[in-house]
Amino acid sequence: MNLIAVDRISKAYDEKVLLRDLSFGIAEGEKISLVGQNGMGKSTLLAILAGVVAPDAGKIMKNQACQWEYLEQNPQFQAGLTVLEQIFDHGSAELDELKEYTWLLQQCNMYPTDPIWQDRLQKQTDVMERLHLWNMEEEVKNILSQLGFTDWQQKVETLSGGQKRRLALARALIRPANLLLLDEPTNHLDLESILWLENKLQKRKTALLMVTHDREFLNRVSQKIFELDGGKLYVHQGDFQHYLTKKEERLRVFEEQMNKKQALYRQELDWIHSGVQGRGTKQVARSERFVHLEKEVQYNRERDMDLSFPMQRLGKKIIELEHVSKSFQNKMVIKDFTYTFKKGDCIGLVGPNGTGKTTFLKLLTESIEPDHGTIVRGETLRIGFLMQHLEQLDESLTLMQTVIQKKHYSLDARNKEVSAAQWLERFLFSRDKQQTKVEKLSGGERRRLAILNVLMDEPNVLLLDEPTNDLDLDTLLVLEDFLCDFPGILLVVSHDRTFLNKSVNSIFEFTRHGAIRRYSGNYNDYLLKKEQGAKEKKANKTEEKPKTLAEQREGDTKLSYMDKKEFSRLEEAIPLLEQEIVHLEKALLGCAEDYSKLQEIHQTLEHQKSNLEDMVDQWMRLAEKMEGASSWPQEN
6 MNLIAVDRIS KAYDEKVLLR DLSFGIAEGE KISLVGQNGM GKSTLLAILA GVVAPDAGKI
66 MKNQACQWEY LEQNPQFQAG LTVLEQIFDH GSAELDELKE YTWLLQQCNM YPTDPIWQDR
126 LQKQTDVMER LHLWNMEEEV KNILSQLGFT DWQQKVETLS GGQKRRLALA RALIRPANLL
186 LLDEPTNHLD LESILWLENK LQKRKTALLM VTHDREFLNR VSQKIFELDG GKLYVHQGDF
246 QHYLTKKEER LRVFEEQMNK KQALYRQELD WIHSGVQGRG TKQVARSERF VHLEKEVQYN
306 RERDMDLSFP MQRLGKKIIE LEHVSKSFQN KMVIKDFTYT FKKGDCIGLV GPNGTGKTTF
366 LKLLTESIEP DHGTIVRGET LRIGFLMQHL EQLDESLTLM QTVIQKKHYS LDARNKEVSA
426 AQWLERFLFS RDKQQTKVEK LSGGERRRLA ILNVLMDEPN VLLLDEPTND LDLDTLLVLE
486 DFLCDFPGIL LVVSHDRTFL NKSVNSIFEF TRHGAIRRYS GNYNDYLLKK EQGAKEKKAN
546 KTEEKPKTLA EQREGDTKLS YMDKKEFSRL EEAIPLLEQE IVHLEKALLG CAEDYSKLQE
606 IHQTLEHQKS NLEDMVDQWM RLAEKMEGAS SWPQEN
């Protein structure tokens, strides 16, 4: 059964046609990804289906059973509401009952001896029981926690842009719906959260239409791909690779047709220029066909972005970090890190949000200084830094003004002189578009302009903080090819697993307690080594290889008295802390009636998990040092 049916809808802005006579349906449980170049109308189509934007023509028919939730790129919230109130605001009847229960619970916590509040809470508890809403309450708590919200009384106006996106996603997932319309749902999520969202959408029976550039996410969640191109909709069954193959076949046919039309157009243009008067019926019809043909050949598909930039020479000394540490408000984000960058380094920075990845990039650019340690930079260093929130763009300037601030003319990698206007065209900005102010650009267009802005400096070290956000898949493929051939140093923060696999040759893993772990290989290699390390750690705990007395004594000589004492302490403390974490996790699931208590338990749990990670690291360091021995028997 179709939840929604679209019949010949069209939409244009000014003279640009985004959607032309589109017809399709979305059935119950169907999961679809919507792809296409930036500016082709993906977000507009979602907005039309959500009822936020009206089509110029055509009809949208929604089944009476259709309940939809819409995640837009720039969500708006009502000022003054808390995180939790925003979830409940204008929700369903079930959420209204849950909201009432939550509010009464707060009143009872404030006035524990007042029988009126206690009586009202008991009646509302009966409503919760009758409507089976306890699972919904658990779902609300789980989703908010998974998306990084611990203070549910925080006012929405104090949230960052990324937090607002995550709150909007939480709202869409929590409210009852059998159709989700999601515009870039993985933006501003770390890899751990993306895996959680991926698993959740796979299990839900809800129908889904989402715009996403994350190919791994697309392959795992959706079974069908809708492609928007030139106002038309193309349907592809299967995964992303199948889509690319079919698209290539379609474009080859399109190119052949366009070549024939170009030849016919030139022939008809010669006829027009010959001065023949269109008086006869056949001549009038031929003139009208010429006008129609002229419009067709003037349609020029947006070509791929051209990133043929030169690079400044890179000397022997690049960047050297010695025992670098950095903390904010007593929270250690980088702890005693030492590394010397070398030619050929292409490094992916991964780890949960808030663990210091962006801070690390800012340390390299000298925009912030370390608390301890030194950073030495080579004389030939030229750093290009693409910031996650594109702070380097002045929204009051036009695209042309933005580029000529850098250079009016420059040489490309082929030693050809290129003007600012030509560079903008190579980045898919038409001459008309170049006088548009930055504030009017879409997210993908801003990202392209920011990449151009960075590359105009001809950097030999590229620092990219979430470069794939808002980029369409075609542009993303071009960027990947460019980075694969980039001869300088690359550091990239990204949640896009496919992008990391193609672009990097080593991984820096940022942990919650400030340590940075280094792994060779791409992202898949990193996951494999993490899995192997976890298995080995477990095996070492349960099965220790017997050693000779001589080997045991040799290991013992490497430990001081204090090391042995610390090792014994850790042997006792780690199992106890593991048990405490299990109890905290059970308490978190069972805390159904007290939100403030839930937040307290969640914070304690995260703190203890961080402590456990520290303790295990210290235990392994001592275990390696003593080669598996802590105390040895005496010889007879």
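Every letter in the sequence shown is one number past the one before it in my numbering, and letter 558, counting from 1, is 563. Idealized CB from N, CA, C, for every residue including glycine.
- Comparing C-alpha distances from tyrosine 239 to each of Ser525, Phe29, Asp619 shows the shortest one belongs to Phe29.
- Here glycine 519 is buried, its C-beta having at least 16 other C-beta atoms within 10 Å.
- A buried status is given to isoleucine 352, since no fewer than 16 other beta-carbon atoms sit within 10 Å of its beta-carbon.
- Taking C-beta atoms as the reference points, isoleucine 148 and histidine 500 fail to come closer than 8 Å.
- For the beta strand (DSSP E) assignment, the uninterrupted runs of no fewer than 3 residues enclosed by the region 159-190 are, from N- to C-terminal side, 184-188.
- Aspartate 568 carries a helical assignment under DSSP once its states are collapsed to helix, strand and coil.
- With a 10 Å radius around the Cβ and a threshold of 16 neighbouring Cβ atoms, phenylalanine 333 comes out exposed.
- Counting along the chain, glycine 378 sits inside the beta strand (DSSP E) bounded by residues 377-382.
- For glycine 85, there is no enclosing alpha helix (DSSP H), as DSSP marks it with neither H nor E.
- When Gly236, Leu164, Tyr248 are compared, the shortest CA-CA separation from isoleucine 37 is found for Tyr248.
- Here serine 313 carries a coil assignment [DSSP, helix/strand/coil].
- Secondary structure within the region 382-463: the beta strand (DSSP E) runs of 3 or more consecutive residues, fully enclosed, are 388-391, 414-416, 422-424 (chain order).
- Taking a contact as a CB-CB distance under 8 Å, the pair valine 497 and valine 509 counts as one, their CB atoms being some 7 Å apart.
- Between the region 365-381 and the region 529-538 there are fewer than three C-beta pairs closer than 8 Å, too few to call the two in contact.
- Each residue's CA atom was taken as its position, placing serine 573 and tryptophan 624 some 9 Å apart.
- For phenylalanine 29, the beta-bridge partners assigned by DSSP are Val11.
- Looking at the backbone, the Cα of valine 587 and that of alanine 98 are separated by about 35 Å.
- Rounded to the nearest whole angstrom, the CA to CA distance from glutamine 151 to valine 338 is 21 Å.
- Under the three-state reduction of DSSP, histidine 328 is assigned to strand.
- Taking the C-beta atoms as reference points, leucine 185 is found nearer than 8 Å to glutamate 74.
- For the pair alanine 59 and tyrosine 18, the Cα-to-Cα distance works out to about 12 Å.
- In summary, glutamine 91 is buried, with 16 or more beta-carbon neighbours lying within 10 Å of its beta-carbon over all protein chains present.
- Residue range 196-208 is occupied by the alpha helix (DSSP H) that includes leucine 196, with no beta strand (DSSP E) assigned at that position.
- If you look at tryptophan 139, you'll find it in the alpha helix (DSSP H) that goes 139-151.
- The secondary-structure analysis by DSSP pairs histidine 241 across a beta bridge with Ile230.
- Judged by their CB atoms, leucine 126 and leucine 109 are nearer to each other than the 8 Å cut-off.
- DSSP places serine 38 in the uninterrupted beta strand (DSSP E) bounded by 36-40.
- Judged by DSSP secondary structure, phenylalanine 365 falls within the alpha helix (DSSP H) whose first and last residues are 362-369.
- The Cβ atoms of alanine 177 and leucine 164 lie no closer than 8 Å to each other.
- If you look at isoleucine 373, you'll find it isn't in any alpha helix (DSSP H); DSSP assigns it neither H nor E.
- Under DSSP, tyrosine 75 shares a beta bridge with Leu186.
- Between glutamine 317 and glutamate 463, the C-beta spacing is below 8 Å.
- By the criterion of at least three beta-carbon pairs nearer than 8 Å, the region 470-484 is not in contact with the region 322-336.
- Membership of glutamate 485 in the alpha helix (DSSP H) is indicated by the continuous run 478-490.
- In the DSSP annotation of this structure, the continuous segment of the alpha helix (DSSP H) that includes arginine 502 starts and ends at 502-508.
- Per the Cβ contact rule, the region 33-53 is in contact with the region 227-235 (3 or more Cβ pairs under 8 Å).
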